[in-house]
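In this text, residue positions in the sequence shown follow the working numbering: the first is 2, and each later residue adds one.
For every residue, glycine included, the Cβ atom is placed at its ideal position computed from N, Cα and C.
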Amino acid sequence: MLISSRWIKTAVLSGLGVLFIFPSLVFARPFNFTDNGSFLERTVQPTGIQGDDVRTYAGDIIKNGLRLVGFLFFVLMFYGGYLWMTARGSEDQISKAKRVLIAAVIGLALIVAAYAVTAFIVGRAVSAGESSSIQGTPITPGP
């Protein structure tokens, strides 16, 4: 009896999902939230790595993701142009090239729009958080 590749993919993904949902199955140590960062400081200190803010890491991840998207856009544009140039008048090849080019431009536009919306919302949230205190004294709501 032959096992289909779809069944194997489903089984592997289900197994990985179970391992992520139930970390005790992989003998993961539970995280102690009362540590107050001292464990992290003791672990990072011998390595000489600077302890940056989470926002810095998130910014780096977004920046690298946008670099990857830009590279993929370039590759898709190059591929679409190559298809068009080698079409030799074949309408099927030209329409495929047009679809690739249009999809690349639409994808880039969606990514740029999503980044703009995210930057706007995060900028508003950060500025609202900064303006909610005066001289370092938090403003507490009244009775």
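Where residue i falls, given that 16 or more other Cβ within 10 Å makes a residue buried
i, result
"V19", "exposed"
"A98", "buried"
"L14", "exposed"
"L84", "buried"
Cβ-Cβ distance between residue i and residue j below 7 angstroms
i, j, result
"A105", "M86", "no"
"G1", "L109", "Residue 1 is absent from the structure shown; the chain starts at 2 and stops at 144."
Rounded Cβ spacing between residue i and residue j (contact assumed at less than 8 angstroms)
i, j, result
"I107", "V70", "Actually they do not touch by this definition, with Cβ atoms about 13 angstroms apart."
"Y116", "L73", "That pair is no contact at about 15 angstroms."
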